[in-house]
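A.B. asks:
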Amino acid sequence: MIKVVDLHFKYGGVDLEVLRGLGFSIEKGEFVALIGQNGAGKTTLLKQFNALLTPTGGSVEIAGLDTRKSSTGELARKVGFLFQNPDHQIFMPTVAREIGFGPKNLQLSKAQIDARVEEAAEAVGLTAYLGQNPLLLSKGQRQRVAFASVLSMKPEILVLDEPTTGQDYQEGIEIMEMVRKLNELGHTIVFVTHDMELVAAYARRVIVLSRGRVLLDDSCRNVFYRPEILKQTNLFPPQIARLAQMFPERHFERPLTVEEIYREIVNLSENKLNVCCR
Amino acid sequence: MTAEADCAGPAISVEKLTFCYPGSELKALDELSFQVSAGEFVGITGPTGAGKSSLLLCLNGIIPHFQDGKFHGAVKIDGCDTFDTSCAELARKVGSVFQDPEAQIVAPVVEEEIAFGLENLAIPPREIDQRIAESLELIGISSLRHRSTTQLSGGQKQRVAIAAAIALKPKILLLDEPTSELDPIGTMEVFEVLRRLNREHHLTVIVVEQKVNILVEYAGRLLIMKNGRIVCDAPPREVLERPELLTSVGLRPPPVGDLAFKLKQRGLYPGALPLTVGDAYQGLSECWADKGI
Amino acid sequence: MSVVANYIPRDSAVHRLSPLTKLGWSFLLMTLSCFFRDPLVLAGLFASIVLVALAAGILKEMYPVFKGLLFIAGLFILFQIFFISEGKTLFTLIPGTGIGRVTDLGLLGCLAMGARMIVIAASFPVLMGTTQIKDLVVVLVEKLKIPYPYAFMFVTSLRFVPTFMQEMDQIIQAQSSRAHRLDNKNFIKKFLSICPLAIPLMVTSVKKAERMAISMETRGFGVGKRTNLHVKQFRAVDAAVCSGMAAIGIAMVVLHFRGILL
Chain W
1 MIKVVDLHFK YGGVDLEVLR GLGFSIEKGE FVALIGQNGA GKTTLLKQFN
51 ALLTPTGGSV EIAGLDTRKS STGELARKVG FLFQNPDHQI FMPTVAREIG
101 FGPKNLQLSK AQIDARVEEA AEAVGLTAYL GQNPLLLSKG QRQRVAFASV
151 LSMKPEILVL DEPTTGQDYQ EGIEIMEMVR KLNELGHTIV FVTHDMELVA
201 AYARRVIVLS RGRVLLDDSC RNVFYRPEIL KQTNLFPPQI ARLAQMFPER
251 HFERPLTVEE IYREIVNLSE NKLNVCCR
Chain U
1001 MTAEADCAGP AISVEKLTFC YPGSELKALD ELSFQVSAGE FVGITGPTGA
1051 GKSSLLLCLN GIIPHFQDGK FHGAVKIDGC DTFDTSCAEL ARKVGSVFQD
1101 PEAQIVAPVV EEEIAFGLEN LAIPPREIDQ RIAESLELIG ISSLRHRSTT
1151 QLSGGQKQRV AIAAAIALKP KILLLDEPTS ELDPIGTMEV FEVLRRLNRE
1201 HHLTVIVVEQ KVNILVEYAG RLLIMKNGRI VCDAPPREVL ERPELLTSVG
1251 LRPPPVGDLA FKLKQRGLYP GALPLTVGDA YQGLSECWAD KGI
Chain C
2001 MSVVANYIPR DSAVHRLSPL TKLGWSFLLM TLSCFFRDPL VLAGLFASIV
2051 LVALAAGILK EMYPVFKGLL FIAGLFILFQ IFFISEGKTL FTLIPGTGIG
2101 RVTDLGLLGC LAMGARMIVI AASFPVLMGT TQIKDLVVVL VEKLKIPYPY
2151 AFMFVTSLRF VPTFMQEMDQ IIQAQSSRAH RLDNKNFIKK FLSICPLAIP
2201 LMVTSVKKAE RMAISMETRG FGVGKRTNLH VKQFRAVDAA VCSGMAAIGI
2251 AMVVLHFRGI LL
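First to last, the sequence lines map onto chains W, U and C.
FYI, in this note's numbering the residues of the first sequence are 1 to 278.
FYI, in this note's numbering the residues of the second sequence are 1001 to 1293.
FYI, in this note's numbering the residues of the third sequence are 2001 to 2262.
Written out as structure tokens, the structure is:
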């Protein structure tokens, strides 16, 4: 789905390269988290996926299309991009027209647009708000409007840049649950976040960026159980993984969530007690 | 200055505070009452729309002086009623730092940013110079003094904003989600500075924050808000004893606290609930050593 | 764009002058350019600006600005020149038809207007490039008695130019991700295609301004008399430069009325 080969990138007028030769490929249906310190190049990399930025060396291929030969508008059918701040895109007087803006740009018929607006609004739970002015909604709701306006273009790949920033935990979880559902329907997901608990809860694969290079690219568990490498880029594993690593002699099965470690600790304690009693 | 003599009592005292924004029947703040003593480190959390930001705006006098609306009740800072105290006078008592680092930095150079408030209060230039040096030193960013404000990282910008607030020598520092746009390291930088100001300089710190993980680690007292009311006012450990309270207002209990709470219910975690991963390690080690596990 | 208002740190004699002197210089150039009609004299005034930029060591940074100004002035001349019909015909674009007729008076008049435009506009970036904004504000408030809030507004609007450029960038990216096209050929469509950019920019700007106002209030903005950390002194050099400028200015005006410089 996404194929990145020896990607180099620098901004015009700046000598320093932001991306310094990275490569990986993401298959259809994957759920990938992209993590790293501020300035590691995460957002710059995301913007390569829909040709907002194009490689200054190497290549990026999206569903078989070379991003250097395709415009952002063409890629919009393949890649949906949810930005951090919904206020950077909301401009229509009603939620319905806001969600319909993308499909209209794709030159769909009126009936098709209406159907897609309906569908996208339902997916994010905004059906009741279709007639309202999006600017008067709460920040969390505005983020959903932005999300629906991405979904209405029916992209196969969803790219999310810190989708939960500025929202409370509940709102963040709701967005991520929608994303999970889309992933189950076969969409490919790539998201950037600073919240490691969120990564542990949702991502199946984690790519760690550091100074424009891939530092680690592995399953969630494998990445969070390499603290010595994560430390180089000032990231900390989720609390539970950190706790488990403080007990190397206990040989925990690399838990990431409260439930996983809880079960192990209960087993450990009760087995021991059982042995004593016998 | 005349008010100085009358000011006494707790650092902050809020009594039956109610506020509605103009054109809205909804009470952004609904009969709030609480007090904060000098030197406390208070964390305020809650879902969006709970009234956290509105509360801070009441504490620094923006409400009622600049934001219209229906205002009932009383807010006293250092014994002075905010209703009768000018914003300039309040600016000397209460420093404020906001969420968006971009929108609160007005000057192109760090030094001038710190000077801005001091100049407004007509402090003599020689003293301004001295206070800039002091506050940058206090925050640990003396090396940034002559840097351009546009070229700083998010964490640096927020620390400059804190230095600019501290330069006015307030007794209370208010922060509204100061780390929401920062990465984990930037967040730590900000909270470490707050801890030092609180412990070493006896500054009263009130911080609104979504990340409960970090609040339980740094704050001595948590206020949890929902629908304009305070639903819980307790030290972090007591809050962890009631994880259902956090989840009911849509907040995430910190994982290690949550784990210890669950283990404790089965008698597998003795003593006080952990605030940090280190606490949890100690608690579990001691427990297992006792039981010979 | 941001280069127009940016301070370029250098240690030159021009940088060390009082902002008042440089403001006076800028004002003198504007006044003189209104007196003169001769493109050659105006070109001379422009040359003096280039020399000042050179002396300040910021010519390299100013180059794109000057180039842009020349381009705009060129466009302006091109648009105007065919609409002046007085004077002798020099040539017509399409011979024999009278379409695209250029007269001697038209040519001179347009050149003068274009050159005047350049002179008026070119001194400003040089002034801003060699003067720190805060020094300028102090002068505006203390010496020229402009109320502080106005001077402050002027300065902050400059400080926020780069921020708004960044916001605009983000908005363009967000909208083009939704397949929004900006490269419409049709003029009306092109105009309409600005809406999806202009509205979010307005909304985010208003929010930013609101937040900034609150942040300023909490730091005692506008409560009354204020002090200034740094005050740039008006020194003997400034006095000398000012008198020199005044002398040259008066001389040029006198020559103008004698009919020597037009």
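Backbone N, C-alpha and C define an ideal beta-carbon position, used for all residues, glycine too.
#1: Is there a Cβ of chain U sitting closer than 7 Å to that of Val2003 (chain C), yes or no?
#2: Buried or exposed, going by whether 16 or more other CB atoms sit within 10 Å of the CB of Cys2034 (chain C)?
#3: Hey, does Tyr169 (chain W) have any beta-carbon neighbour from chain U nearer than 7 Å?
#4: Given a threshold of 16 other Cβ atoms within 10 Å of its Cβ, counted over all protein chains shown, does Asp1258 (chain U) qualify as buried or as exposed?
#5: What does DSSP give as the partner residues of Glu1015 (chain U) in its beta bridges?
#6: Would you say Ile2058 (chain C) reaches chain W, if we count a Cβ-Cβ gap shorter than 7 Å as a contact?
#7: In the DSSP assignment, the alpha helix (DSSP H) including Gln239 (chain W) goes from what residue to what residue?
#8: Can you round the beta-carbon distance between Val159 (chain W) and Phe49 (chain W) to whole angstroms, since I take them to be within the 8 Å contact cut?
#9: Does the region 141-148 of chain W come into contact with the region 85-100 of chain W, if we say contact requires no fewer than three beta-carbon pairs (one atom in each stretch) closer than 8 Å?
#10: Taking beta-carbon pairs under 9 Å, can you tell me which members of the region 1209-1243 of chain U lie near chain W?
#11: Output yes if chain W places a C-beta closer than 7 Å to the C-beta of Val2206 (chain C); else output no.
#12: Taking C-beta pairs closer than 8 Å, name the residues in chain W that Tyr1281 (chain U) reaches, listed in chain order.
#13: Please check if any C-beta of chain C sits within less than 7 Å of the C-beta of Gly39 (chain W).
#14: Is any heavy atom in the ligand SAM found nearer than 6 Å to the beta carbon of Asn1227 (chain U)?
#15: Mind checking Lys2207 (chain C): buried by the 16 CB within 10 Å criterion, or exposed?
#16: Are the C-beta atoms of Ser2176 (chain C) and some chain W residue less than 7 Å apart?
#17: Given a cut-off of 7 Å, decide if Pro2019 (chain C) and Thr2089 (chain C) are closer than it, judged by their beta-carbon atoms.
#18: Is there a Cβ from chain W that is less than 7 Å from the Cβ of Val2161 (chain C)?
#19: Are the region 1051-1070 of chain U and the region 1169-1182 of chain U touching, with three or more C-beta to C-beta distances below 8 Å?
#20: So is Gly1061 (chain U) buried or exposed if we call it buried at 16+ other beta carbons inside 10 Å?
#21: Identify which residue in W:Arg211, W:Ala241, W:Arg68 has its Cα closest to the Cα of Cys220 (chain W).
#22: So which residues on chain U does Met2216 (chain C) lean against when the C-beta distance must stay under 7 Å?
#23: Kindly say whether Ala2179 (chain C), judged by its beta-carbon, lies nearer than 7 Å to any beta-carbon of chain W.
#24: Whole angstroms is fine: what's the gap from Leu1223 (chain U)'s alpha carbon to Gly1043 (chain U)'s?
#25: Can you find a CB in chain C that lies within less than 7 Å of the CB of Asp1100 (chain U)?
#26: If you measure beta-carbon to beta-carbon, which residues of the region 190-201 of chain W are closer than 8 Å to chain C?
#27: Using a C-beta cutoff of 7 Å, does Thr2130 (chain C) count as contacting chain U?
#28: With 7 Å set as the bound, which would you pick, yes or no: does the beta-carbon of Gln2233 (chain C) sit closer than that to a beta-carbon of chain W?
#29: When burial is assigned at 16 or more other CB atoms within 10 Å of the CB, is Leu2105 (chain C) buried or exposed?
#30: Glu2143 (chain C) versus chain U: which residues are under 9 Å apart at the beta carbon?
#31: Within 10 Å of its beta-carbon, does Arg2258 (chain C) have 16 or more other beta-carbons around it, so buried, or fewer, so exposed?
#32: Can you tell me whether Gly131 (chain W) is buried or exposed, with buried defined as 16 or more other CB within 10 angstroms of its CB?
#33: Which residue from C:Gly2087, C:Ala2174, C:Lys2022, C:Leu2028 puts its Cα closest to that of Ile2248 (chain C)?
#34: Quick one: which chain W residues come within Cβ less than 7 Å of Gln2166 (chain C)?
#35: Within 10 angstroms of the Cβ of Val1110 (chain U), are there 16 or more other Cβ atoms? Answer buried if so, exposed if not.
#36: Would you grab the beta carbon distance between Ala2112 (chain C) and Pro2039 (chain C) for me? Rounded to a whole angstrom, and I think it's under 8 Å.
C.D. replies: With the structure as the only source:
#1: The residue given as residue 2003 (chain C) occupies position 3 in the third sequence. Confidence is the limiting factor: at Val2003 (chain C) the pLDDT is only 48, short of 50, which leaves the residue's position unreliable and the question unanswerable from this model.
#2: As a working mapping, residue 2034 (chain C) is identified with position 34 in the third sequence. Classification of Cys2034 (chain C): exposed, given that the 10 Å Cβ count is below 16.
#3: As a position in the first sequence, residue 169 (chain W) is number 169, starting the count at 1. Yes - at least one Cβ of chain U is within 7 Å of the one on Tyr169 (chain W).
#4: In the second sequence, the residue the question calls residue 1258 (chain U) occupies position 258. Buried, since its Cβ has 16 or more Cβ neighbours within 10 Å.
#5: Sequence index remark: in the second sequence, residue 1015 (chain U) carries index 15 (1-based). U:Ala1074.
#6: Taking the first residue of the third sequence as position 1, residue 2058 (chain C) is located at position 58. No, no contact with chain W.
#7: Locating residue 239 (chain W) in the first sequence gives position 239, counting from the first residue. Taken as a continuous stretch (DSSP letters only), the alpha helix (DSSP H) holding Gln239 (chain W) covers 239-245.
#8: Residue mapping note: residue 159 (chain W) aligns to position 159 of the first sequence, counting from 1. Residue mapping note: residue 49 (chain W) aligns to position 49 of the first sequence, counting from 1. Indeed they touch by this definition, with Cβ atoms about 5 Å apart.
#9: yes
#10: Gln1210, Lys1211, Val1212, Asn1213
#11: If you number the third sequence from 1, residue 2206 (chain C) lands on position 206. For Val2206 (chain C), the answer is no, since every Cβ of chain W falls outside 7 Å of its Cβ.
#12: Taking the second sequence and counting its residues from 1, one reaches residue 1281 (chain U) at position 281. Ordered by position in chain W, the residues that pass the 8 Å Cβ test against Tyr1281 (chain U) are Leu243, Met246, Phe247.
#13: The residue given as residue 39 (chain W) occupies position 39 in the first sequence. Judged by the 7 Å Cβ criterion, Gly39 (chain W) is not in contact with chain C.
#14: The ligand SAM is absent from the structure shown, which contains no ligand whatsoever.
#15: On the third sequence, position 207 is the one that residue 2207 (chain C) refers to. Exposed, because fewer than 16 other Cβ atoms sit within 10 Å of the Cβ of Lys2207 (chain C).
#16: Indexing the third sequence from 1 puts residue 2176 (chain C) at position 176. It does; some Cβ of chain W falls within 7 Å.
#17: Here residue 2089 (chain C) corresponds to residue number 89 of the third sequence, with the count starting at 1. Here residue 2019 (chain C) corresponds to residue number 19 of the third sequence, with the count starting at 1. No, they are not a contact pair.
#18: Stepping through the third sequence from its first residue, residue 2161 (chain C) is reached at position 161. Interface annotation, Val2161 (chain C): not in contact with chain W, CB-CB separation never under 7 Å.
#19: yes
#20: If you number the second sequence from 1, residue 1061 (chain U) lands on position 61. The residue is buried, with at least 16 neighbouring Cβ atoms inside 10 Å.
#21: Taking the first sequence and counting its residues from 1, the one referred to as residue 220 (chain W) is at position 220. It is W:Ala241 whose Cα lies nearest to the Cα of Cys220 (chain W).
#22: As a working mapping, residue 2216 (chain C) is identified with position 216 in the third sequence. Within 7 Å Cβ-Cβ: Val1106.
#23: Position 179 of the third sequence, counted from the start, is the residue given in the question as residue 2179 (chain C). For Ala2179 (chain C), the answer is yes, since a Cβ of chain W falls inside 7 Å of its Cβ.
#24: Sequence index remark: in the second sequence, residue 1223 (chain U) carries index 223 (1-based). Sequence index remark: in the second sequence, residue 1043 (chain U) carries index 43 (1-based). Approximately 6 Å, taken between the alpha carbons.
#25: In the second sequence, counting from the first residue as 1, residue 1100 (chain U) sits at position 100. True, the Cβ-Cβ gap to chain C drops below 7 Å.
#26: none
#27: Walking along the third sequence from the start, residue 2130 (chain C) turns up at place 130. Output row for Thr2130 (chain C): interface = no.
#28: For the purposes of this step, residue 2233 (chain C) is taken as the residue at position 233 of the third sequence. Not one chain W Cβ lies under 7 Å of Gln2233 (chain C).
#29: Here residue 2105 (chain C) is taken as the residue at index 105 of the third sequence, counted from 1. So Leu2105 (chain C) ends up on the exposed side.
#30: On the third sequence, position 143 is the one that residue 2143 (chain C) refers to. Checking the displayed sequence, the identity of residue 2143 (chain C) turns out to be Lys instead of Glu. In chain order: nothing, as chain U lies at least about 17 Å away.
#31: Position 258 of the third sequence, counting from 1, holds the residue named residue 2258 (chain C). Under the 10 Å beta carbon count, Arg2258 (chain C) is surrounded by fewer than 16 other beta carbons and is classified as exposed.
#32: Sequence index remark: in the first sequence, residue 131 (chain W) carries index 131 (1-based). Using a 10 angstroms sphere on the CB of Gly131 (chain W), the tally of other CB atoms stays under 16, which defines it as exposed.
#33: For the purposes of this step, residue 2248 (chain C) is identified with residue 248 of the third sequence, where counting begins at 1. The candidate whose alpha carbon is nearest that of Ile2248 (chain C) is C:Leu2028.
#34: Sequence index remark: in the third sequence, residue 2166 (chain C) carries index 166 (1-based). None at all; the shortest Cβ gap to chain W is about 11 Å.
#35: One-based indexing of the second sequence puts residue 1110 (chain U) at position 110. The residue is buried, with at least 16 neighbouring Cβ atoms inside 10 Å.
#36: The sequence position of residue 2112 (chain C) within the third sequence is 112, counting from 1. The sequence position of residue 2039 (chain C) within the third sequence is 39, counting from 1. The pair is a contact, with the Cβ atoms about 5 Å apart (cut-off 8 Å).
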